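Peer 1: Mind looking over this structure? Questions follow.
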Amino acid sequence: MKIFDTMSGSEKELDTSRGVRIYLCGVTVYDDSHIGHARTIIVFDTLRRYLQSHGIKVRFIQNFTDVDDKIINRARIDGVSAEVISSKYISSYFKGFDSLNVMRADMYPKATEHITEMIDLIKILLDRKIAYVSTNGVYFSVSKFSEYGKLSKKKIDDLIAGARVEVDETKKDPLDFALWKFADDEPRWPSPWGLGRPGWHIECSAMSLKYLGNDFEIHGGGRDLIFPHHENEIAQSESYSGCNFAKIWMHVGMVTINGEKMSKSLGNTKSVDFVLQKWGPNIIRIFCLSGHYSKPIDYSEDQLRETITRWRQVENCYYELFLAEEGVINPTLARDVETTLRAAEKEFDDALNSDFNTPLALGAFFKVVKTANQIAGEEAMVRPLADIILLTFEKMLEILGLKVSRVTDEEKKTLIGLIERRALLRDQRNFSDADAIRKEISSMGIVLIDHKKKTLWMKQERIGAEG
RNA sequence: GGUGAGGUGGCAGAGCGGCUAUGCGUUCGCCUGCAAAGCGAAUCUAUAGGGGUUCGAAUCCCUUCCUCACCUCCA
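To convert, take the position in the first sequence, counting from 1, and add 7; that gives the working numbering.
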């Protein structure tokens with residue numbers, strides 16, 4: 008599998024020989040997550056599912072930044088401790104992302120639980136004179152890392168010329184960044200240099216090194232983290248270890264709204280909670296995967312509405328397959344279907360192997376859906392054929408992290424009873440009573456589709472946007 | 001100002017030297033007691049503008065214009 012590596016500016020073969028270690032920069036827990044966070048996380052979740060489906064062992068670490076000025080400010084406003092704020096938003100994170108059917112990472116390390124590791128790292132940097140202590144903290148000396156800028160392709164001179172860097176008299180160089188900041192208030196921890204808090208970037212260095220070691224396979228995050236966050240992580244980590252930090256740097260494009268980046272500062276965010284309410288998990292996942300991960304994607308209601316249509320086809324397909332009745336398989340048809348399925352599977356894998364091209368993979372998945380719906384439309388779906396298709400269908404569904412609403416056995420029993428009664432009424436041409444039953448069934452979230460020979464039923468996910 | 005990524009049919013979105021994806025939309029059919037869903041057919045012949053290179057370019061080169069992101073916290 009090839010993945011575009013921001014560092015080298017080209018696609019690189021992913022080394023899977025010893026499993027794949029992934030570190031994803033997670034969220035700062037000071038507010039609810041929004042669909043921008045969701046996109047990045049869904050992309051990585053899907054990547055992980057794909058690798059695992061090929062029997063590759065994945066070790067997936069995603070951090071929570073739980074010490075940060077924004078958290079502290081929020082705590083001050085609310086009159087509670089920072090810990091109260093961070094734990095509140097960590098649980099809100101899990102609530103949202105569990106609903107989005109995102110698999111739990113192997114670990115969610117928190118900055119506050121790795122203070123010792125960060126201090127140890129800073130000590131070494133100080134010993135090597137790569138960092139220095141100033142009056143208000145410990146700083147990393149950018150000039151001591153000759154490769155600074157290699158990820159973001161920035162030249163130190165340009166950065167200085169850009170002069171958007173805050174002027175701080177206590178720093179030797181305006182580009183130097185904090186490893187440790189002295190603090191008069193909580194939260195703070197003791198360190199050899201004084202009470203304080205860690206800088207932002209150091210946690211990811213400490214935690215990724217601790218849980219994944221050096222030179223792990225993929226380090227990821229949103230594009231906006233390339234500079235300065237990832238650049239600084241590299242500077243710290245490589246100065247500390249003397250080793251390459253990560254093999255591949257994978258960055259996910261921004262979610263925009265009306266062509267502008269969605270962000271807290273612009274106040275144009277759509278929270279995970281909101282989009283779940285309005286569109287539900289499957290629509291959101293398909294939407295997030297419908298553009299190449301490296302490019303921006305625009306949050307467009309028209310686009311989302313279109314996705315509903317596509318999702319209905321998937322639901323239809325599932326129920327056609329699930330409810331197919333026994334019958335004799337037509338050998339020619341079976342052969343054709345096999346060919347189509349193998350081709351779609353190959354297309355699916357080829358697409359993902361080529362820099363994780365999910366829009367193309369989604370296309371392959373929809374070919375499977377279309378094929379099944381076609382056969383069903385011709386009333387030619389039989390159990391053995393459905394089982395064959397189901398194998399491919401469910402495999403792809405699992406990788407994409409989609410979930411069709413299913414019914415309980417009890418619901419199923421009730422339904423079949425009702426449908427039989429309705430069929431009887433229809434035979435007697437008593438349509439008003441038959442329609443009453445259809446209405447009753449519909450209130451259970453079940454839609455009926457009358458085929459020539461039988462009535463197909465399916466449970467449709469309730470989508471907020473449809474009212 | 002610097003750096004990076006882009007500009008493809010009504011919309012979304014692949015392709016990245018020749019075989020002109022795909023999806024949605026729209027129109028018309030099939031099916032139905034009516035629906036709904038599904039299916040079929042048709043529709044759209046697109047590649048920001050201008051130069052090149054080539055037998056041949058959306059794909060390579062040059063140039064102009066435009067958009068976005070990063071250069072401060074940000075997924």
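Don't be surprised by glycine CBs; every beta carbon is placed ideally from N, CA and C.
Quick caveat: nothing in here was measured; it's all calculated off a predicted structure.
Identify every run of the alpha helix (DSSP H) within the segment 413-460, keeping only runs that are complete inside it and at least 4 residues long; order them along the chain.
Peer 2: Entirely contained in the segment 413-460, the alpha helix (DSSP H) runs reaching 4 residues are, in chain order, 416-434 and 438-449.
Peer 1: Need the endpoints of the alpha helix (DSSP H) that Q243 sits in, please.
Peer 2: It spans E238 to S248 - the alpha helix (DSSP H) in which Q243 sits, taken as one unbroken run.
Peer 1: For W4, name the three-state secondary structure that DSSP assigns.
Peer 2: In the structure as shown, the chain begins at 8 and stops at 474. Residue 4 is therefore absent and cannot be evaluated.
Peer 1: Under DSSP, the beta strand (DSSP E) around V27 begins and ends at which residues?
Peer 2: First-last of the beta strand (DSSP E) with V27: V27 to L31.
Peer 1: Residues bridged to E267 by DSSP?
Peer 2: The partner list for E267 (beta bridge, DSSP) reads I264.
Peer 1: Would you call the CB atoms of S500 and V259 closer than 9 Å?
Peer 2: Nothing can be reported for residue 500, as the shown portion of the chain is limited to 8 through 474.
Peer 1: In the DSSP assignment, find the alpha helix (DSSP H) that holds E352 and state where it starts and stops.
Peer 2: Segment P338 to N360, the alpha helix (DSSP H) holding E352.
Peer 1: Classify P197 as helix, strand or coil using the three-state DSSP reduction.
Peer 2: DSSP places P197 in coil when its eight states are reduced to three.
Peer 1: Should the segment 444-457 be called in touch with the segment 417-425, which here means at least 3 C-beta pairs below 8 Å?
Peer 2: Touching, per the Cβ criterion.
Peer 1: Just how far apart, CA to CA, sit A253 and D457?
Peer 2: Spanning the two alpha carbons is a distance of roughly 56 Å.
Peer 1: Would I382 and K19 be called neighbours here (beta carbons separated by less than 9 Å)?
Peer 2: Result no, Cβ atoms of I382 and K19 do not sit closer than 9 Å.
Peer 1: Could you name the residues that DSSP lists as bridge partners for Y306?
Peer 2: DSSP output for Y306 lists no bridge partner at all.
Peer 1: Among the residues of its own chain, which have a CB less than 6 Å from the CB of G73, if the five just before and after it don't count?
Peer 2: According to the sequence provided, residue 73 is Asp. The question's Gly does not apply to it. V36, S93, K117, A118 and T119, listed in sequence order.
Peer 1: Label V335 either buried or exposed according to how many other C-beta atoms from any shown protein chain fall within 10 Å of its C-beta, with 16 as the threshold for buried.
Peer 2: Result: exposed.
Peer 1: So the candidates are F51, I63 and V50; which of them puts its Cα closest to the Cα of V27?
Peer 2: The shortest Cα separation from V27 among F51, I63 and V50 belongs to I63.
Peer 1: Between which two residues does the alpha helix (DSSP H) containing F373 stretch?
Peer 2: Per DSSP, F373 belongs to the alpha helix (DSSP H) from T365 to G384.
Peer 1: Is S212 near S244, with beta carbons less than 9 Å apart?
Peer 2: The answer is yes: Cβ separation under 9 Å.
Peer 1: Evaluate G206 with the Cβ neighbour count: other Cβ atoms within 10 Å of its Cβ, from every protein chain shown; 16 or more gives buried, anything less gives exposed.
Peer 2: With 16 or more Cβ atoms within 10 Å of its Cβ, G206 is classed as buried.
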